[in-house]
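2 protein chains.
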Amino acid sequence: MFGFEYYSPTKVIFGKGTENQAGELVKAYGAKKVLIHYGGKSAVKSGLIDRVKASLDAAGVAHVELGGVVPNPHLSKVREGIALGKKEGIDFILAVGGGSTIDSSKAISYGLAEPEKDVWELFEKKRTAQKFLPIASVLTIAAAGSETSNSCVITNEETKEKRSYNDDIARPKFAIMNPELTMTLPDYQTESGCTDIMMHTMERYFTQGGNMEITDEIAEGLLRTVMKYAKILHHDPTNYEARAEIMWSGSLAHNGLTGCGNDGGDFASHMLEHEMGGMFDVTHGAGLAAIWPSWARYVYKNCLPRFVRYATHVMGVTPGETDEKTALKGIEAMEDFYHEIGMPVNFKELGIAPTDEQIKEMADSCARASGGHKGSAKDLYPEDMIAIYRMANQE
Amino acid sequence: MFGFEYYSPTKVIFGKGTENQAGELVKAYGAKKVLIHYGGKSAVKSGLIDRVKASLDAAGVAHVELGGVVPNPHLSKVREGIALGKKEGIDFILAVGGGSTIDSSKAISYGLAEPEKDVWELFEKKRTAQKFLPIASVLTIAAAGSETSNSCVITNEETKEKRSYNDDIARPKFAIMNPELTMTLPDYQTESGCTDIMMHTMERYFTQGGNMEITDEIAEGLLRTVMKYAKILHHDPTNYEARAEIMWSGSLAHNGLTGCGNDGGDFASHMLEHEMGGMFDVTHGAGLAAIWPSWARYVYKNCLPRFVRYATHVMGVTPGETDEKTALKGIEAMEDFYHEIGMPVNFKELGIAPTDEQIKEMADSCARASGGHKGSAKDLYPEDMIAIYRMANQE
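Line by line, the protein sequences give chains V and L.
According to full-length UniProt numbering, the first sequence is numbered sequentially starting from 1.
According to full-length UniProt numbering, the second sequence is numbered sequentially starting from 1.
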């Protein structure tokens, strides 16, 4: 067991119609002029943006808009937001969307709070942030957990680098969560979200030593819950109860709670996927599902007790003759679950076919972004990353 | 399932030696002059107060001290703290102790932030707080959860009223949690703490309708964890791992997490115990253990599905022929657990013997403090409260 810090100050307002509280909430946090940041046209067409604007108007808070955030959000859009924010004198950013929009908002906030510095330096790990403009969200996709997390992932389209910067200074002030807003999401996006949610907790679960029992209990309960309701949503996408369970689990999976007492987590699967996302622009959660089984088979012998516990406590596997067999049954059960919700378990099913040259390029980039190596279940070096990418490419 | 707000902004610093960070932390929150508030002499004798003072000195933060907080903390001590705080120009309160000391600190903070008003009015529900002085804690007892909660319970010794006031404004800035600091606690206090921790989650578990699966999973995992390590500490009080599991569970049990999506919780057992604490000055957790079985047997038929789930998911009971039998087996298993950790299950074992007159007085006071009635599993009126007190008095 390790010492830890836990800090999750974001106020959550959860339930039907809560988006109509946006105006009074930003006002309570002192906002004078808000940047409403969003992604595609669905938020506009559905009337959500209009409802949020009406709520801000009713509270007497000025606002401007910037749409067009894409999945794997782009640095160019961040720069556009910073320029707009400077010009308009923005003092609060309200993200209306999912993780991409929230991450784009966080990056814009970094840029506006320290306007004399280049924001990409943070993602290159050349400096740390000293200031941050307050942000909050009206969440429309349950997946990234960015609505309460300290993390932010941006893709530099020019260099094809997908990079993260994590800082507690960026924890959002509040998160408005109305499960109904996620109901129109296509199934593939919903299930990618469920996969991402689970992976945020799994990254903290498969570690070397030190996990607390209370943390394991919470993690396992969360994983069982997400699996249960992901399966329901695959067939019944407008089930409010299921949407609510997934949405709240999505925040708890990544606000730090499921890692208390561990060694900081593994997060190799996320780093491996970031390269796939940077090079092929795949949906993040689907990319995680496509890499995880190969990662798991490559590392499980180094972290056998955790894989055995996962198999029995989360996947409901009956222990096999040996711990190794039990662990492998757990990985197979996970693949079955991915298939059951329409997720890929390798590159072919994901729809990508990197050349060996591209695999080496992704591994090099991944290692560079990780300071040379990454992982806790097994510490991965470039040759390990290449091997895992190749496994995912061959199956 | 109900909509909800979740807000737990307290920063947790958990692990060995973390009390030495007190100075830099209060400084980071802008403190100029700190009131160090504590209970008995053990915090002084153990050298903890000296370590905290040294940490404040090293950070260049001025401080004054006020000890003498007692269990079921007194309004008179709160008034003493307010007077001292005014005189000394205190701008931050650091509680070094358990729930009583933290609650006393919260009440002093209410008084100092609005010095022209009488603080007891809050507990009489005559007004709500508009301001609060920042507080934080170095926790030495795992029990009340006050280190991250919004609640505060104070006893007016003159009127023998034990009253609570809950307000998010009072959430502490940070909580320093070093499990080693709890190791010298007498076993009875340790196990009373474990009982209190469990009850904070059980109060949110036994409700009418609406509990979310993710909330139930977290609650059940937390209860299993506390039971496991409470039994270990009964025989091995210096087990660091067990102390850590209990300490972190204590915060999670009462920061709101285990109630997300429910109807606000039951909390009748707490209200019933508050009267026992006000009249007889019993240890809070032991008082809860002494009243809960009678409460449970009185209400279980009104909330049968929850009692059945509790029996099977938490107490590991094999389902009986009927749901009623399963529920009763769960209550019996809970009594066995209380006995295993040295806790009472009725008034006789608790060491009190109220007269029927006193029982009626407690019930009247309890109903008055609850706005006439209290409870979710079953809504209790004065006659119900009398019946439960009598059951606990007879067994």
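For glycine and all other residues, C-beta sits at the position ideal for the given N, C-alpha and C.
These numbers were taken from a predicted model, which means no experiment stands behind them.
In the DSSP annotation of this structure, T355 (chain V) is not part of any alpha helix (DSSP H), being labelled neither H nor E. For V96 (chain V), the enclosing beta strand (DSSP E) starts and ends at F92 to G97. Within the segment 9-31 of chain L, the residues whose Cβ lies closer than 9 Å to some Cβ of chain V are P9, T10, K11, V12, I13, F14, G15, K16, G17 and T18, listed in chain order.
If you draw a 10 Å sphere on the C-beta of N211 (chain V), you find 16 or more other C-beta atoms in it, and that means buried. When Cβ-Cβ separations below 8 Å define contact, L181 (chain L) makes no contact with chain V. When DSSP reads this structure, V282 (chain L) sits in no beta bridge, so it has no partner. For the segment 70-103 of chain V, no residue has a beta-carbon sitting nearer than 8 Å to a beta-carbon of chain L. Each residue's CA atom was taken as its position, placing E158 (chain L) and M279 (chain L) some 11 Å apart. The DSSP assignment places complete beta strand (DSSP E) segments of no fewer than 3 residues inside the segment 83-170 of chain V at 92-97, 135-139, 153-156 and 161-164, in order along the chain. Against chain L, the beta carbon of R224 (chain V) has neighbours under 8 Å at E217, listed in chain order. Taking the Cβ atoms as the reference, C260 (chain V) lies roughly 5 Å from T215 (chain V), within the contact range of under 8 Å. Three or more Cβ pairs drawn from the segment 245-256 of chain V and the segment 181-197 of chain V lie within less than 8 Å of each other, which places the two stretches in contact. Just so you know, the alpha carbons of G209 (chain V) and Y389 (chain V) end up roughly 26 Å apart. Under the Cβ criterion of 8 Å, A244 (chain L) is counted among the residues facing chain V. The alpha carbon of H274 (chain V) has as its nearest neighbour, out of V:S164, V:W295, V:L48 and V:G89, the alpha carbon of V:S164. By the rule that beta-carbons nearer than 8 Å mark a contact, G221 (chain L) touches chain V. Within the model, the alpha-carbon separation for H234 (chain L) versus E180 (chain L) is close to 16 Å. Residue burial annotation: H339 (chain V) is exposed, with fewer than 16 other C-beta atoms found within 10 angstroms of its C-beta. Assigned with DSSP and collapsed to three states, H254 (chain V) falls in coil, not helix or strand. Cβ proximity to chain V below 8 Å picks out nothing from the segment 286-298 of chain L.
Close to S249 (chain V), with beta-carbon spacing below 7 Å, are these residues of chain L in chain order: I214.
When only Cα atoms are considered, I386 (chain V) and D281 (chain V) end up about 19 Å apart. Within the same chain, and ignoring the five residues on either side of F206 (chain L) in sequence, the residues whose Cβ sits closer than 6 Å to its Cβ are D266, C303, R306 and A377. Annotation: the continuous beta strand (DSSP E) that includes I36 (chain V) extends over K33 to Y38. In this model, D118 (chain V) and M362 (chain V) are separated by some 25 Å (Cα to Cα). At a cut-off of 8 Å between C-beta atoms, G193 (chain L) does not count as an interface residue with respect to chain V. Judged by their CB atoms, G23 (chain V) and A62 (chain V) are not nearer to each other than the 8 Å cut-off.
K329 (chain L): not part of any beta strand (DSSP E); member of the alpha helix (DSSP H) spanning D323 to E340, first to last residue. Counting along the chain, A377 (chain L) sits inside no beta strand (DSSP E), nor does DSSP assign it H or E at all. By the Cβ rule, the segment 73-90 of chain L counts as touching the segment 108-115 of chain L, because three or more pairs are nearer than 8 Å. Nearest to G39 (chain L) by C-alpha distance, out of L:Q21, L:T18, L:A31 and L:L94, is L:L94. The C-beta of G3 (chain L) comes closer than 8 Å to at least one C-beta of chain V. If you ignore the 5 residues before and after G371 (chain V), its C-beta comes within less than 6 Å of no other C-beta in its own chain. Pairing S294 (chain L) with G221 (chain L), the inter-Cα distance amounts to about 25 Å. K228 (chain L) reaches chain V at E213, counting residues in chain order whose Cβ is nearer than 8 Å.
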